[in-house]
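Structure first, then comments.
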Amino acid sequence: MTDPASGKVFFIGAGPGDPELITLKGARIVRTADRILYAGSLVPEEIFADARADAERFDTSRLPLERQLELMSEAAKAGKIVVRLHTGDPSVFGAIDEQMRGLRDRNVPFEIIPGVSSAFAAAAALEIEYTLPERSQTLILTRASGRTPVPEKENLRELAKHRCSVAIFLSSSLIPKVVSELTEAGYPKDSAIAVVYRASWRDQAILRGTIETIEAQLQAARIDRQSLIIVSPALDASRDIPRSFLYGGYQAGGAPRAGCSIFALTEPAIRLGKKLLNELNNARLFIPEAHVRSFADAETAGQRVVPIRNGVREALQNEFRGAESLICVMAAGIVVRSLAPVLSSKHADPAVVVLDPQGAFAVSLLSGHEGGANALALRIAEMTGGQAVVTTAGDNAGLPPLDVIAKNHGWKFHPRSDLPGVMSALINGRPVTLFVDDRLPVPKALTTVPWAEIAVLPGHGAAKIAESSVYFTLRGLERHFPDRMNGAAILYPAALNVGVGCNRGTDESEILEAIETVFAGNGLSLNAIRCLASVEDKRNEPGLVSLAKKNGWELRFFSRAELESVADFVAPSPAARKALGVPAVAEPAALLAAASQKLLIRKQKFRNVTVAVSLAEENA
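Numbering (the numbering used here), first residue to last: 20 to 639.
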């Protein structure tokens, strides 16, 4: 940890706007500063609210570079601590290079403290991941060429051809040029695009649209500055993103699993293990201790090669408890006998794939569907030029596994669903009917299943149960089924967004009771809830936060400006207008969460809670 030394300039990234997003180190140095330079309204004054009362403060928004250098140099040479605050991270469009050169010319020492870029604040606001498996593994930070030119080889048209995630800075006033260059790069007019205005500030606003519509949206919102334009595969709500089976998995109890563990015992097996190690992310290679020195070169040395010290059985069992997947280049019998004592269930066990030392066969041994072993075996076979061996009945019958489809899309099966009975019927060619809620489209992912019939599910109750049926629904059908649902499965999409307004300190049980009452009265199932949504002021409301966490529901919060943007579509609430300065809370939050202009259930008021429900646009 660097302590502020006298006679030094600190370039500090203040973060994107939220005063709490400055780093601890940056905040600590600001508190000790003798002189603070900041870029006017681009840096919130709350950043230096805890600065010394006698600290000199200079707004540099109208000061020429030479004057700024004088202010920094004279104070530093007088033995003072100087802080130069920059928005976001100083290294991203911060124009600090010319400042650093000026300080070097004056023999003034300086240090850079990084900050959170608005590119990442925008991703957080949009609730997206820039790097998605098999879709985008690259993030480009750039700007459109305007008053400040960009090198020809870096023009937006050329960069956009990569079709990865692109964060476009300082270009909202150049939106016609941005749209033109994206179109020239081959983007269809209906490609998703987003603009985040003043990311993480209290007046943050988000515009979601397409390349065809975004220019008009910006003009209507009168946004031409302090905005970030995002183009990314992550913005496509209809995308079918492959599950990442090498990291981010979870074992029973919710503890995070850690990557892929490769086991190899003989020299031919180790050579194959090294090849897999170089191909797979977040993987480790376990080999006998005697082979570590001879097989761990500069590329694979260190923590990625682990010696087996206490026997293969113990090492396999330890990694089985903590890894997301195991690749075992050894006899299947060794693996089976070693892992038998620690097997749990297909819902909790990691993927296990067994290979011969030549890589001729990659056998999906354990957790083929839910654990991802089938997919992993196929991927390994591509790497080795071998053949994947998959023995699950549905796969060999050419049937897509319903449990995997549901997991990949965030859908939930009712606990009493007879999924094995349904799959057995499909595998054996017996008729299975798919009932689809009349408020939902037939999911594309389910159209590949050989249903005997696809029928609309009318009313609030279930149709007569067929011998084998799957119900894709929002409705609380469980009360219409017997205790044993032989041959029937109920599948709930994550499609309902619950807008919640509540008084301060409202207990989670009271919020849940209000939601349950609304859902029961409208024949809906809590299993279909996608998220709870409210105003930004409720971000730290204990009851709301605890309720969402306990039920695994997403929480979304919207700024006052965002709630105001949909005022024309909601019933006004005088209480919300008086307390928060917004037209309402529950209804606009529900609409914004669904990216819709139509509510499924208008607000219902209870003593301390207001509830409204919307259906996600892609599911409408």
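The C-beta atom is built at its ideal place from N, Cα and C for all residues, glycine as well.
By the neighbour-count criterion, in which a residue is buried when 16 or more other Cβ atoms sit within 10 angstroms of its Cβ, residue 161 is buried. Between the region 195 to 203 and the region 162 to 177, the count of C-beta pairs closer than 8 Å reaches three or more; the two stretches touch.
Residue 613 carries a helical assignment under DSSP once its states are collapsed to helix, strand and coil. For residue 107, the closest C-alpha among the options 31, 491, 578 and 360 is that of 31.
For the options 598, 629 and 569, the alpha carbon positioned closest to that of residue 552 is the one of 629. Taking 8 Å as the upper bound for CB-CB distance, residue 369 and residue 345 are in contact here, some 6 Å apart. Within the same chain, 433, 436, 490 and 496 come within 6 Å of residue 509 by CB-CB distance, once the 5 residues on both sides are set aside.
Ranked by Cα distance from residue 142, the first of 524, 430 and 253 is 253.
Between residue 304 and residue 374, the C-beta gap is not smaller than 8 Å, which leaves the two residues out of contact.
Residue burial annotation: residue 217 is buried, with at least 16 other C-beta atoms found within 10 angstroms of its C-beta. By the Cβ-count criterion, residue 246 is buried, with 16 or more other Cβ atoms from all chains shown falling within 10 Å of its own Cβ. Ranked by Cα distance from residue 308, the options 512, 328, 625 and 94 are led by 328. Between the alpha carbons of residue 371 and residue 42 lies a gap of roughly 41 Å. Linking residue 459 to residue 620 through their CA atoms gives a straight-line distance of about 16 Å.
Apart from sequence neighbours up to five positions away, the residues of its chain that approach residue 230 with a beta-carbon distance below 7 Å are 198, 201, 202, 206, 208, 210 and 212, ordered along the chain. Under the Cβ criterion (8 Å, minimum of three pairs), the region 541 to 558 does not count as touching the region 586 to 594. Residue 162 has 188 as its beta-bridge partners, per DSSP. Looking at 613, 131 and 296, the one whose alpha-carbon comes closest to that of residue 518 is 613.
For residue 597, the enclosing alpha helix (DSSP H) covers residues 593 to 599. Taking every protein chain shown into account, the CB of residue 181 has fewer than 16 other CB atoms within 10 angstroms, so this residue is exposed.
Short of 6 Å from the beta carbon of residue 92, and not among the five residues preceding or following it, lie these beta carbons of its own chain, in chain order: 125 and 127. Spanning the alpha carbons of residue 295 and residue 331 requires a straight line of approximately 19 Å. The beta-carbon distance between residue 159 and residue 183, rounded to whole angstroms, is 6 Å. This is short enough to meet the 8 Å contact definition.
In the structure shown, residue 148 adopts coil according to DSSP, grouped into three states. Rounded to whole angstroms, the Cβ separation of residue 383 and residue 423 is 13 Å, and the two are not in contact under 8 Å. Our two residues, residue 121 and residue 145, have alpha carbons roughly 38 Å apart in a direct line.
Within the region 49 to 73, no complete alpha helix (DSSP H) segment of 4 residues or longer occurs.
Contact check for residue 577 and residue 599: beta-carbon distance about 12 Å, past the 8 Å limit, so the pair fails to qualify.
When the beta-carbon positions are compared, residue 50 and residue 33 stay at least 8 Å from each other.
Ranked by how close their Cα comes to the Cα of residue 438, the residues 451, 541 and 337 have 451 in first place. Taken through DSSP and simplified to helix, strand or coil, residue 198 comes out as helix.
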